[in-house]
Each structure stands twice: as C-alpha cells, then as structure tokens.
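**Q**
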Amino acid sequence: MSSIIQLLPDHVANQIAAGEVVQRPASVVKELLENAVDAKATDIKLIIKDAGKSLVQVIDNGVGMTVTDARLCFARHATSKIRQAEDLFSLGTKGFRGEALASIAAIAHMEMKTKQDQDELGTHIIIEGSKFVSQEVAVLPKGTSFAVKNLFFNIPARRNFLKSDTVEFRHVMDEFQRVALAHPNIHFSFYHNGSELYNLPAAGYRQRIVGIMSGKTNEKLVPVNEDTDIISIQGFVCKPEFAKKNRGEQFFFVNDRFIKSGYLHHAVMAAYDGLLKDGCQPSYFLYLQVPPNTIDINIHPTKTEIKFDDEQALYAILRASIKHSLGQFNVAPVLDFDRDANLDTPYHYKDVEAEVPTIQVDGTFNPFTDDKTNQHYSKAASGSTGYSSGSSFSSSSGSSSSRSSYAGYSRKVEPTASWESLYVGLDVENPESIESSPFTFENEEVTSSLFNDDEVEQATHKTYQIHKKYIVSPIKSGMIIVDQQRAHQRILYEQFLLNMTVNQASSQQLLFPLDLFYSSSEMKLIEELKPSLETTGFVFDNAQTDHVVISGIPVNITESEVSQVIEQLLSDLQDGIPANSYSQNDTIAKSMAKSLAVKTGSYLTEKEQDNLVNGLFACKDPNISPFQKPTFITMRVEDIDKKFAL
Ligand code: ADP
Ligand code: MG
C-alpha cells in the first residue's frame, strides 16, 4: 500500500492556524494594535468599517520595515521579537509567536504600506488569501499601515458565524480600550464608519482612564501605589459607592499587557470586604509590573491569561495595598449606610465650644386660656407626606428612598383604604349601616376582581407576609403562597410590555432633568435602545458621546431608580441587542422588571401585599415569572389535613 501522509501546503496550514489566532474582527484589531505598539509608535490610528467586517486598518508612526522584512513578515513563525526559546523569559513585547500576520493574510485581503525613517522609499504589498498579488516601491511616510478587508472571504462558514455588528463592534471596542489603557503614553485615535469615536492624546494613566470611560470617572477614582521587590502596583480603584451591578470596567495589566485573572480579581474584592452593597462590583484599573522571568504568558493562545510564580504573595500585596488606599482616602466611613447622617455634627460646628442656652420665660403665659393660634401645626403636618402622585404600588421597589415615599403614602391613606378599620366603631347592632356604607361595596369589588371564580372567602380575606419573602393568603380550597419578588416581576413585566407594544406609556416630567454619564460603548447601546426606551415612558432630551439627559421617566419608576434601571439594562445587554424588535422589547421589559421588582427581604405593608396579590391575578400569565419560575403555589385543605394525619 502506498504512503498516504502529505505535508499541507502553506496556505492551507495558515488557514488552519488562523482559526486559533483570528476568531473575529476584534482579533485582527488586537494583533495589529499590538504590532504597532511593539514597533514603538507614538501615534496609532484605528479605522474600522462595519464593526471591522469590511475593514480594519491600523496606521502607526513606528519603526517600519525594510523591503525584506516587509515580505517576510507574512511568513509563519516569522518574528523579530524572539530568537530562541529562552527569550520568552525576558519578553518586553506583545507579540512573539510570529503567527498573526501569516494567519490574517490567509483569510483576508490585506494591504501593507511600510517605510523606515532612514529610507527614501517604502514598500507597498497586497496579499490575498496568502497569495502575493503585488509588491511595489512607494513614497510613504515613516511607519506602517495595515488594511485588512473582507475578513473570512474564503471561509464562508466562519464569516457566517460572526455575530451582529453591535456584538462585533463591542469586541473591537474592548480590544481598543485594553490596548489604549495599557499605553497612555501613545496617542490613539479610533474611527468607525467615518466618525471619530476616540482621540486620546498621550497622557498619564488617570487622564487616559477618564478619556476612555467618561468625564465623571475622575471623581470616582482612588489611586493605588505600591512598590515591592516582587511587584509594583500602580493605578486606580473606584470608590465603593460608585460600584456597579456589572463587571464592565475591571482591568488588570501586567507588564503593559491586559490580562484576566480570577485570582487577582478575588484579591481586589477581598480588599473591599464589607464596603460594597450586595451584588455590586467596583471598577478598577490596576497596572502591575513584575520581572518578566516570574511570569509565563504562554499558556493561552490569545494571551489574556497568565501564570505567576508566586501568586499567593501577589494576592496578599494587592489586597493590602488596595485596602490601604481605600482607608487612606477616607472612603470607609462614607460607607456606613445605616448611620443616620442627621446625627453628625455639621462641619462648621466641629471643635466649637457649646454655648449654654439662655432660657426666656414668658411670665404671662397661661395654658388654660383658649388660644387658637397654637393649633396651626396639625394641618402643616398632614400635608407634608411628600408622595409623588404618579406612582402606584409598582414604584415601591427595594430602594430605600422609594420605600420611604411609599410609607408616606400609606400613612396618609391608610385610615380610609384599610377596609377593616372602617368597621371599627360601627354600630354592629344595626347591619343596615354597614350595607349602606360605600366602602363595603369597594371592598367587594376588589376581592371579586382578584379571584373571580369565587375562591376567596370574602369575610376572612387577609394576607400575611412570612420571612419577608412570601405572601400567604387563605382561599376557599386551602391557601395560596405567593413569592413576592417573582409576582412583582410578572406584574411589572406585563405592564412594561403593554406600554411598549400599545405605545401609550405616560411619562412623568422631571423638574430637573437627570444628566447621566456613561462610557462611549454604553452610550452606543443607549442610542440604539432609545426608541424602545421611549415607548416605556423615558424622554431623552439630549444624548452626547459621554452622557445623556433624561427629562421624563416612566410613571412606575422613581427618579432615584433611573440609573439603576439603565445600569441593569446595559449589563443585561452586554452580549448585544436582540435583532428583532419583539425580543428587544421583551429583554427591556424583563430587565426593568428585574431591577424594579420588590426584592425578597423587603417588608410589605398589608395594603402592599394586597395590591401585589391583586396585581398578580390581573396578569395574563400569573403562574410564572418572566424568568419562567413559578410565582405562587396553592395548598389544598386536604393536603394540609394529610400532613396532620401522619
Ligand atoms: P509577532 O508580533 O508575534 O512577531 P506578527 O505576525 O504579528 O508576529 O508580526 C511579524 C513581524 O512583522 C513582527 O515580528 C515585526 O517584526 C513585523 N511587524 C509587524 N507589524 C509591524 C509594524 N506595525 N511595524 C513594524 N514591524 C511590524
Ligand atoms: Mg504580532
């Protein structure tokens, strides 16, 4: 039998290797940007079209290449960055595999222009699917430009595998931000479909972070600085009160390379121990320098993971230095959420001797004279509940401010709304007086809309909250146990969905419009979501590159909940906005229901419990939460009997 093993032709081998290096346009962006950094450029321009699917171009003013290198750089394992395996332990560059250009050239149309400073003329090469199409001498500025067009043109399966432009753009943005954050001393600019997204002059770490994230970031940052034999740490962590629900802005750089490390992340979180609200994540931008021979960056093909020699020591140093910074910048006391600020001494009274009060006595005062002027207080007190009339029960989510406004509301209304109290003092001997009471009618109406198949024993209708989690209520056949959080999610979800599809949501005008700051990638999402958000009742006055002005909000949201709602939404949409409007609305309604629903652990007044059960059974689909979990269970009397029979 003849032998069957053959060496694969280079272009096939390159195509296969490309699978490892190039997953999507963002991979090309990363490789080209890193090459430009390695070429010691001080000015790097990134230009993309259609989220990088049609074009990724990187122009740098670095050292450029000779004619020979210009040709050689497309060969596999062609690199100028290491000569032997040992060099890996003293690596000072991003690249070292010599694979990127060969891989990209195998699966795209590529054009390269490069010139070294001392040369008169440069080299212009076109290569398509590993085949050299042309090579010319050209008049060029110093530096190198790579343009990569029609990615995966010869591998349709891979091209089809690419996600929507929104998703691919997000990946590109991530890569750009990582490289730009790692190298603040380089001037970066970034253009997408002809518009400039970033123009970041050379600066220090702080300015670069602020330039990339948003103007408001500056005041949130606390510097971290530590220098030891095995590691030096520079950078910033965010004050705990600005922690967010999502993990978007967390960056570690080791020797100027963005890395991911669950272990080091844990060290940061440990430093914040006790300072963060539940489920919140701090932003951080931490730049670690370690001797290159104490790390191995070679363990992951796309090189975002890293192995350290002495992880435990790094963990301890990182945690301690962040803790120290948070303490030093006096962040900790601000975080005492339970402390009553009213009890603090106002700043200007500090260190001032207390004055002995002087007492003035009105010798003519006689408490028994009938002086009407003393009575004005009662009216003022009853008018100051501070409740905003647009809200319904659904506005009373877990946030403390809205809960207290609701408490104000119930205090005011309870005497008439709580129907049991209507009977107090009524003449029970004379039942007509009850029947003629208008409130009796109201009570019947409520219960009948709640369980129209007469499941409720009206006279004993009552709800109880147990463990701040479930609402229990007797029904004719036994009892019903409602999960308060899921039930409220269902109610809100249907409300939002209805508003969005019927498109008649009313909104409350804000007296003082909210000005909210976001990173430019978040702003892009908000821009895209705007039409859908408007159907829920949001009114956007103005959206700039880094902030948005909101002048109206849906009626069932309070002002203080707005930023939380949008943040949750951005975090839920991190993997992209659904393509069709139906699922887009669905996602938004779900996300808003999730952030606004009353949480497990919240105490509900009797009226709130009642409204919740009412609201749930007025829903189209009361049985399950928007996240497909049961909202209530019932227990029949027989089931209970059985338990007692044991
Ligand atoms: P690596 O970066 O791992 O060496 P690449 O395939 O990315 O491999 O690049 C191959 C070689 O091409 C590099 O080692 C470098 O010498 C040269 N090169 C690539 N991009 C540039 C650039 N922008 N400027 C100058 N030289 C470059
Ligand atoms: Mg490279």
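If you number the sequence shown the way the numbering used here does, the last residue is 2003 and the count never jumps.
A virtual CB, placed ideally from N, CA and C, is assigned to each residue, including glycine.
Taking 7 angstroms as the cut-off, does the CB of E1532 come closer than this to any heavy atom belonging to the ligand MG?
**A** Checking every heavy atom of the ligand MG against the Cβ of E1532, none is found closer than 7 angstroms.
**Q** Cβ of I1848 within 8 angstroms of Cβ of V1970?
**A** Against a cut-off of 8 angstroms, the Cβ pair of V1970 and I1848 comes out as no contact.
**Q** Taking C-beta to C-beta, are F1897 and K1573 nearer than 8 angstroms?
**A** Result no, Cβ atoms of F1897 and K1573 do not sit closer than 8 angstroms.
**Q** P1513 lies in the beta strand (DSSP E); which residues open and close that run?
**A** Run containing P1513: none in the beta strand (DSSP E); it sits in the alpha helix (DSSP H), 1513-1518.
**Q** Which runs of the alpha helix (DSSP H) spanning at least 4 residues fall entirely within the segment 1886-1959, listed in chain order?
**A** You should have 1919-1929, 1938-1953.
**Q** I'd like the list of long-range same chain contacts for S1745, defined as Cβ closer than 6 angstroms, with 5 residues on each side in sequence excluded.
**A** Residue confidence for S1745 is low, a pLDDT of 35 falling below 50, so the modelled location carries little weight; the figure read from the coordinates is stated next. If we look at S1745 and ignore the five residues flanking it on each side, it has no Cβ neighbours.
**Q** DSSP three-state label for P1987, please.
**A** Three-state DSSP puts P1987 in a strand.
**Q** Given a cut-off of 8 angstroms, decide if L1886 and I1945 are closer than it, judged by their beta-carbon atoms.
**A** Cβ distance < 8 angstroms, so I1945 and L1886 count as in contact.
**Q** If I'm right that T1988 touches A1844 with Cβ under 8 angstroms, what's the distance once you round it to whole angstroms?
**A** Indeed, because the Cβ distance is near 5 angstroms, the residues count as touching under 8 angstroms.
**Q** Looking at V1413 and V1386, is the spacing between their C-beta atoms short of 8 angstroms?
**A** Yes, the Cβ-Cβ distance between V1386 and V1413 is below 8 angstroms.
**Q** Along the chain, where does the beta strand (DSSP E) containing S1384 start, and where does it finish?
**A** That residue, S1384, is in no beta strand (DSSP E); its alpha helix (DSSP H) goes 1382-1395.
**Q** Over the uninterrupted beta strand (DSSP E) stretch that includes L1645, give me the two end residues.
**A** Segment 1641-1646, the beta strand (DSSP E) holding L1645.
**Q** Going by DSSP in three states, I1461 sits in which element: helix, strand or coil?
**A** Helix, per DSSP.
**Q** Relative to the C-alpha of G1449, which residue among R1604, V1647, S1952, D1474 is closest?
**A** Out of R1604, V1647, S1952, D1474, V1647 has the C-alpha closest to the C-alpha of G1449.
**Q** Measure from the alpha carbon of Y1577 to the alpha carbon of each residue in F1642, V1424, K1951, A1936, then state which is nearest.
**A** It is worth fixing the name first, because residue 1577 is Lys in this sequence and not Tyr. Looking at the Cα atoms, F1642 is the closest of the given residues.
**Q** Grab the span of the beta strand (DSSP E) containing D1417 for me, first residue to last.
**A** Segment 1412-1417, the beta strand (DSSP E) holding D1417.
**Q** Can you list, in chain order, the stretches of the beta strand (DSSP E) that have 3 or more residues and sit fully within the segment 1438-1485?
**A** Correct list: 1466-1472, 1479-1485.
**Q** Please state if the CB of T1957 and the CB of Q1846 are separated by a distance shorter than 8 angstroms.
**A** Result no, Cβ atoms of Q1846 and T1957 do not sit closer than 8 angstroms.
**Q** Less than 8 angstroms between the C-beta atoms of I1914 and L1953, yes or no?
**A** Yes, the pair counts as a contact, with Cβ atoms nearer than the cut-off.
**Q** Can you find a heavy atom of the ligand MG that lies under 7 angstroms from the Cβ of N1371?
**A** No - the ligand MG has no heavy atom lying nearer than 7 angstroms to the Cβ of N1371.
**Q** From the DSSP output, in three-state form, read off L1868 for me.
**A** Looking at L1868 - three-state DSSP - the assignment turns out to be strand.
**Q** Would you mind stating whether N1673 and F1615 have Cβ atoms separated by less than 8 angstroms?
**A** Just to set this straight, residue 1673 is Ala in the shown sequence, not Asn. It is not a contact, given that the beta carbons lie outside the stated cut-off.
**Q** For R1993, write down the residues that DSSP places opposite it in a beta bridge.
**A** According to DSSP, which records beta bridges pairwise, R1993 is partnered with G1835.
**Q** Kindly indicate which three-state DSSP category R1676 falls into: helix, strand or coil?
**A** Here R1676 sits in helix by DSSP.
**Q** Measure the C-alpha to C-alpha separation of N1582 and F1974 and round it to an integer number of angstroms.
**A** Answer to the nearest angstrom: the Cα atoms are 57 angstroms apart.
**Q** Please list, in chain order, all residues of the same chain as D1998 whose beta carbon is under 8 angstroms from its beta carbon, the five residues on each side excluded.
**A** Around D1998: no qualifying Cβ.
**Q** Just the C-alpha distance for E1965 and T1892, rounded to the nearest angstrom, thanks.
**A** E1965 and T1892: Cα-Cα distance of roughly 27 angstroms.
**Q** Should D1400 and D1417 be called a contact, given that it needs their Cβ atoms to be closer than 8 angstroms?
**A** Cβ atoms of D1400 and D1417: closer than 8 angstroms.
**Q** With H, G and I counted as helix, E and B as strand and the rest as coil, what does DSSP make of I1345?
**A** Residue coverage of the chain in this structure runs from 1358 to 2003, which leaves residue 1345 outside it and unanswerable.
**Q** In whole angstroms, what is the alpha-carbon distance linking Q1865 and P1639?
**A** Rounded to whole angstroms, Q1865 to P1639 spans 32 angstroms at the Cα level.
**Q** Which of the three DSSP states is assigned to P1580 in this structure?
**A** Three-state result, P1580: strand.
**Q** To the nearest angstrom, how far is the alpha carbon of G1486 from that of R1676?
**A** Cα-Cα distance, rounded: 49 angstroms.
**Q** Can you tell me whether K1438 sits near the ligand ADP, meaning its C-beta is under 7 angstroms from at least one heavy atom of the ligand?
**A** Because some heavy atom of the ligand ADP lies under 7 angstroms away, the Cβ of K1438 counts as near it: yes.
**Q** Report yes if the CB atom of S1571 is closer than 8 angstroms to the CB atom of S1959, and no otherwise.
**A** No, the Cβ-Cβ distance between S1571 and S1959 is not below 8 angstroms.
**Q** So what does DSSP say about S1552, is it helix, strand or coil?
**A** It is a strand residue.
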